[in-house]
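Residue numbers (the working numbering): -13 to 283.
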């Protein structure tokens, strides 16, 4: 399977007022080992993500999913050290040639644990959301507009006066996302973005992300819930032991035997397999309903 985008659009404008152009993220023969690690966390990564794509990344523990995000952000190797081979290019700039503070003006990374993203330098939620733009010298009036829009998008406007450390895990996750959106990113790297949220909160955030995707923001999302990935992402990258195992449309990826064996299957695909339905088996609820209504010859 190729690493080219599927169905990507270019030069779309986001609701946050940004033009995007292709490609967004390119990995060329990339391998990376953390400092003092005996082996590489990711190896032989070749991946091209066009602007405006929503790519889901999945795989078992230690597959290299989070490392992929750290490399795209530049935190690896700039912050974590280690050894990088090959080339990572984001929005036309090679990762070795740009500092993370500069990269953060157009790329946002949401960690799985949102507590690690709270600055600790601000005592109110709205001040925390404003922290990034302030550090980059954005005009006060513009900051105020960005903060209001970002908090409204993720549903935390009512928490504006709260102290960040008084928030629940789910509220912190929303705050971390709002802080990224206030930077007006062109690329969002999301590592399990709803891990702290209840089902209602998860649905609300995915609705926000769907809107951002439709407007042209590039999204790379690590997610272990395969059903969620298949519903949201037109393209799936499945990883195991630091390598890309499969890359393509959800039905293409999850109908491969090697993916079924090493990554797993969405529940709808498992049901279809148990019922001995012929391939290609469904990966989404809508496809499952249709497949089970179709008589088997």
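Positions of the beta carbon are idealized from the N, C-alpha and C atoms, including for glycine. For clarity, every value in this text was computed on a predicted model and none was experimentally measured.
query: Status (buried if at least 16 other CB within 10 Å, exposed otherwise) for residue 25; result: exposed
query: Exposure of residue 151, with buried meaning 16 or more beta-carbon neighbours within 10 Å; result: exposed
query: Residue from 97, 129, 114 with nearest C-alpha to residue 146; result: 114
query: Which of helix, strand or coil DSSP assigns to residue 286; result: No information on residue 286 is available, as it lies outside the stretch -13 to 283 that the chain covers here.
query: For residue 34, the three-state DSSP class (helix, strand or coil); result: strand
query: Nearest-angstrom beta carbon gap, residue 42 and residue 219 [assumed within contact, 8 Å]; result: 3 Å
query: Three-state class that DSSP yields for residue 131 in the structure shown; result: helix
query: Residue from 211, 229, 237, 162 whose Cα sits closest to the Cα of residue 221; result: 237
query: Exposed unless 16 or more other CB atoms sit within 10 angstroms - verdict on residue 164; result: buried
query: Stretch pair the region 33 to 52 + the region 201 to 215: three plus CB contacts closer than 8 Å; result: yes
query: Distance between residue 225 and residue 265 (C-alpha atoms, nearest Å); result: 22 Å
query: Short Cβ contact (8 Å threshold) for residue 91 with residue 169; result: yes
query: Residue 76 vs residue 173 beta-carbon contact at 8 Å; result: yes
query: Proximity below 8 Å, CB of residue 93 to CB of residue 175; result: yes
query: Sub-8 Å separation of residue 230 and residue 31 beta-carbons; result: yes
query: C-alpha gap between residue 249 and residue 44, whole angstroms; result: 8 Å
query: Host alpha helix (DSSP H) of residue 350 (start-end); result: Here the chain comprises residues numbered -13 to 283, so residue 350 is not present and cannot be evaluated.
query: Local conformation of residue 45 per DSSP, three classes; result: coil
query: Where residue 205 falls: helix, strand or coil (DSSP); result: strand
query: Secondary structure of residue 14, DSSP reduced to three states; result: strand
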